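What follows is a set of notes on a single structure, which appears directly below.
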Amino acid sequence: MVILLLIIVIMAGPLSVVAQQCPLTVVPVSDAQVKTLRDSRMQLAVDLLRSVVSQDPTQNVFLSPYSIFSAFQLLFFASSGRSEEIVRKLLHIPDNLTKNDVAGIYALEREQNERNKNTTNKYELDSASKIYVQQDMSVRDCVKDIFSNEYSPVDFKHHLRFTRGDINEWIEWQTRHMIVDCIPEGFLDSRTSILLVNAVYFKGLWKSRFMKYQTYLKNFHMADGSKKPTKMMNKRGFFRRIYDNKHGVDGLELPYKGDNISMFIILPQKNHETAIQDLLKSLTYDRLEKILSQILDRPLREMYVTIPKFKIEKKYDLLPILKDFGADELLEFVNLSDLLKTAENQKVNKAIHSAKIAVDEEGTEAVAVTAVQASIAVSSI
């Protein structure tokens, strides 16, 4: 089973002194620019799916491309020069979007997120980010102003245990206690300079909920061809569905209350051991967008729907994925001079992703956290 939490509303060098002119400005952006960045997220989602599934095709997959994108977007804001180019390519941010444009979109989405907290939406969707910086490092004042909610000076050097506890407490609160001790012991050390964190939480009720008395055990077909008794939820109702025989794909929309957010289920029509892998090999961003558009263009039709009731919890080391995406240069050196007034030898040292999802008769609750740690390279100490 492959599941994505997609929000669709959705080289060391010497110590040097960096010019004080602010490299980042929040500018007004157009709807077209906002859509362009959302397209970038979707392209990253396809990349992540392929990479994670290829590592172990027999395992369930659940991750949030939105959270991963958001954490590395902070790295994009902080980086400069060659490092900025690498992160831009990693995130599929096109050249016609300047860093200031991306900052403008970030500020707009942050404002929308805060506004959603104060409305009577029938679903909860909350994303928050933090930029933890070693307190004796000199951060650009203008960047502090732009990221006033995110910026948090801490002491990795002398109060590591307390700092880790404080960070984990924030993550636990942000994920409604679904993710505890996300930052493991040993993930941070005295050389840690920056920790970039994003946490996203979603809870939605089905627009038309499943009845518990209609949930019963049924064989679920696994990727390897085996069958596993699984609690299956059943319902007759009006849904949008496609049968794309040309591309061998079936698609279904399950809307949540609120009407502008849905779960999309995409299945290969053929049921054999490599069916999902074959689907992913041919899946591109354009094709995924077309499949989703086809589903949404379909009229509502009465049908009988059966889906599994399940919980999945996954943790991923993102460093192998960075290498797979050709961004391994960041693991040797990353230029953070758009964040820091003085640029020491830094490198992306660790990156992790944790995600949980629970789907039942009432709806869906899902959380994800991404943490990217940069540290001072040993050669510069």
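Start counting the sequence shown at 1; every next residue gets the next number (full-length UniProt numbering). Don't be surprised by glycine CBs; every beta carbon is placed ideally from N, CA and C. Owing to the predicted nature of the structure, the values given are computational and were not obtained by experimental measurement.
State the Cα-Cα distance for the pair residue i and residue j, rounded to the nearest angstrom.
i	j	result
GLY326	LEU319	11 Å
VAL372	VAL197	7 Å
GLN269	LEU48	22 Å
PHE239	ILE183	40 Å
ASP297	ILE291	10 Å
THR36	PRO229	42 Å
PHE333	SER83	8 Å
ALA71	ILE276	28 Å
PRO23	PRO299	48 Å
PRO57	ASP224	9 Å
LEU336	ARG287	36 Å
ILE352	GLU302	42 Å
ILE194	THR120	36 Å
PRO308	SER226	16 Å
VAL61	VAL53	7 Å
PHE69	LEU267	25 Å
GLY104	THR25	8 Å
ALA12	ASP155	With a pLDDT of 31 at ALA12, under the threshold of 50, the predicted position of this residue should be treated as unreliable, though the coordinate-derived value follows. Spanning the two alpha carbons is a distance of roughly 24 Å.
THR98	LEU340	20 Å
GLY81	ARG236	56 Å
ILE171	ARG164	11 Å
ARG88	PHE210	42 Å
Could you spell out the range, first to last residue, of the beta strand (DSSP E) harbouring residue i?
i	result
VAL369	363-376
VAL61	61-63
ASP317	310-317
SER354	346-359
ASN234	227-244
GLY251	249-255
SER262	262-268
HIS221	216-221
With burial defined as no fewer than 16 other Cβ atoms inside 10 Å of the residue's Cβ, what is the status of residue i: buried or exposed?
i	result
HIS158	exposed
SER40	buried
ASN271	exposed
HIS177	exposed
GLY204	buried
HIS221	exposed
MET42	buried
TYR304	exposed
TYR243	exposed
VAL180	exposed
LEU15	Residue placement at LEU15 cannot be trusted, given a pLDDT of 33 that sits under 50; what the coordinates show is reported in the next sentence. Burial call: exposed.
residue 399	Lying outside 1 to 381, the shown extent of the chain, residue 399 is not represented and no answer is given.
On a CA-only basis, which of the options is nearest residue i? Give me that one, please.
i	options	result
LEU125	LYS35, LYS257, LYS218, ASP155	LYS257
THR364	ALA275, LYS270, LEU254	LEU254
ALA368	ALA377, LEU336, GLU313	GLU313
LEU74	MET222, ILE131, CYS142, LYS246	ILE131
ARG140	ASP338, ARG176, LEU44	ASP338
THR342	LEU288, SER138, LYS281	SER138
CYS142	GLU332, TRP170, ASN100	ASN100
HIS92	ASN260, TYR285, ASP328, ASN149	TYR285
TYR151	LEU160, GLN134, PHE162, ARG161	GLN134
MET233	ASP136, LYS218, SER226	LYS218
LYS122	HIS353, LEU279, GLU362, TRP173	GLU362
ASP259	SER208, LEU90, VAL305, ASP317	SER208
residue 399	ARG50, ALA45, VAL34	It is not possible to answer for residue 399, since the shown part of the chain is limited to 1 through 381.
SER30	VAL102, ILE68, VAL52, ALA78	VAL102
LYS323	VAL348, LYS315, LEU340, GLU344	VAL348
ILE167	THR370, ASN116, ASN345	THR370
ILE321	GLU169, SER375, GLY165, GLN55	GLN55
LYS212	ALA377, VAL46, VAL359, ASP278	VAL359
THR306	ARG115, SER148, THR215	THR215
SER148	ALA128, GLY165, LYS89	ALA128
ALA377	ALA366, ASN345, GLY237, LYS356	ASN345
ILE295	ASN113, LEU331, GLY251, PRO28	GLY251
PHE310	LYS356, PHE77, LEU340	LYS356
ALA32	ASN96, SER80, TRP173, PHE210	ASN96
PRO65	LEU330, ALA45, GLU273	ALA45
THR192	ILE146, GLU329, LEU160, ILE171	LEU160
ASP278	SER262, GLU85, MET263, VAL249	VAL249
Can you tell me where the alpha helix (DSSP H) holding residue i begins and where it ends?
i	result
LYS290	285-297
LYS35	31-55
LYS281	275-282
Could you check if residue i belongs to the surroundings of the ligand ATP, using beta carbon to heavy atom distance under 7 Å?
i	result
GLN277	This structure lacks the ligand ATP; in fact it carries no ligand of any kind.
Completely contained alpha helix (DSSP H) runs for the segment 115-191, where each covers 4 or more residues: 141-146, 160-174
In chain order, each beta strand (DSSP E) run of at least 3 residues that lies wholly inside the segment 61-107: 61-63
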